[in-house]
Amino acid sequence: MRFGFDDFVVDFSARELRRAGRPVHLEPKTLDFLELLIGSRPRVLAKAEILERLWPSTFVSESSLSRLAAELRAALGDDARSPRLIRTVHRKGYSFVGPVEELGEPARLPVGPPPCRLLFGERVLPLQPGENLVGRGDEAAVRIDSSKVSRVHARIAVAASSATVEDLGSKNGTFVRGRRIAGPVELADGDEICLGSVLLVFRRPSAPRSTETESI
2 MRFGFDDFVV DFSARELRRA GRPVHLEPKT LDFLELLIGS RPRVLAKAEI LERLWPSTFV
62 SESSLSRLAA ELRAALGDDA RSPRLIRTVH RKGYSFVGPV EELGEPARLP VGPPPCRLLF
122 GERVLPLQPG ENLVGRGDEA AVRIDSSKVS RVHARIAVAA SSATVEDLGS KNGTFVRGRR
182 IAGPVELADG DEICLGSVLL VFRRPSAPRS TETESI
C-alpha cells in the first residue's frame, strides 16, 4: 500500500520512501516503525505495544525506541518540540498526526524494452523519458558504483526522438566519442560515454522497419 503525506510518498510493499520523487534512506526497523504509526493513526500507540510489535519476544529498552523515533524524525525533517508528523505523548507512546492520503498502486509501464539504455560492462541500465541523473550517489537515478565517478556526474535527457548528455561539474569530466564535453551533446545509438575513465555505451532501439517486397 502507498501513502502520501507532507511531500513524501511511502510504498510499504516496495519498502521505499521518497520525498519530492527522490529516495530517502530508512533502516528497515525505522520503516517498520513508520508503517506501524501510519497504520494505527490517529491512535496513540503505547511504548510497550510498539516494542512488542517491532521486537517480538525480545527484551529491548525504551531508549532503543527513542533512538528509532529520533532517526525517523530526522529522515522526515520533523521536530519533536513542534511536531507536524510524529507526536510524542509523554510517558505513553507515539502517534502519527500528519494528514495522510491513501494512494493507489503506481501505474505500470508497458512491458517491453526501455526506449534508451546504457550498457555498463554486462549491466543494462534503463533510461527513462525526461532527465536521468547519472552518478554514484543515492540521488542518481542511474547509479555507477565507481570512485572515479562523481556523486552526481552527468545528466542524460531523453526525448521522443533525441537524447543529450551534459556534464554536471564532475571532477573527472564527461567524454563523448573521445572528446571532453563542456555543454549538452546529442547522443547517437552506439556512442561511447566516458565518466572519467568509466566507459558506458548509449543504445537507442531502432525504429521497426516494414517488410520489403521481394521481386521474383
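Count the sequence shown with the working numbering and you get residues 2 to 217, in order. Even for Gly, the Cβ is constructed at its ideal location relative to N, Cα and C.
Specify the secondary structure class of residue 155 as computed by DSSP and reduced to three states.
Counting from 1 along the sequence shown, the entry for residue 155 is found at position 154. Reduced to three states, the DSSP call for residue 155 is strand.
Given that a residue counts as buried once 16 or more other Cβ atoms are within 10 Å of its Cβ, and exposed if not, what is residue 4?
In the sequence shown, the residue the question calls residue 4 occupies position 3. That one is buried.
Burial state of residue 211, where buried means 16 or more other Cβ atoms lie within 10 Å
Here residue 211 is taken as the residue at index 210 of the sequence shown, counted from 1. For residue 211, the predicted model reports a pLDDT of 46, less than 50, meaning its position is unreliable and no value from the coordinates is stated.
Boundaries (first-last residue) of the beta strand (DSSP E) holding residue 140:
Position 139 of the sequence shown, counted from the start, is the residue given in the question as residue 140. Unbroken run through residue 140: none, as it is neither H nor E.
Per DSSP, which one or two residues make a beta bridge with residue 127?
Position 126 of the sequence shown holds residue 127. Its beta-bridge partners are 118.
Reduced DSSP secondary structure (H/G/I, E/B, other) of residue 8:
Residue numbering aside, residue 8 sits at position 7 when the sequence shown is read from its first letter. Coil.
Residue 82 burial status per 10 Å Cβ neighbour count (16 or more: buried)
Locating residue 82 in the sequence shown gives position 81, where the first residue counts as 1. Residue 82 is exposed by the Cβ-count criterion.
Whose CA, out of 128, 126, 130, 151, lies closest to the CA of residue 138?
In the sequence shown, counting from the first residue as 1, residue 138 sits at position 137. The shortest C-alpha separation from residue 138 is found at 151.
Span separating the alpha-carbon of residue 25 from that of residue 11
For this step, residue 25 is matched to residue 24 along the sequence shown. For this step, residue 11 is matched to residue 10 along the sequence shown. Their backbone Cα atoms lie some 10 Å apart in a straight line.
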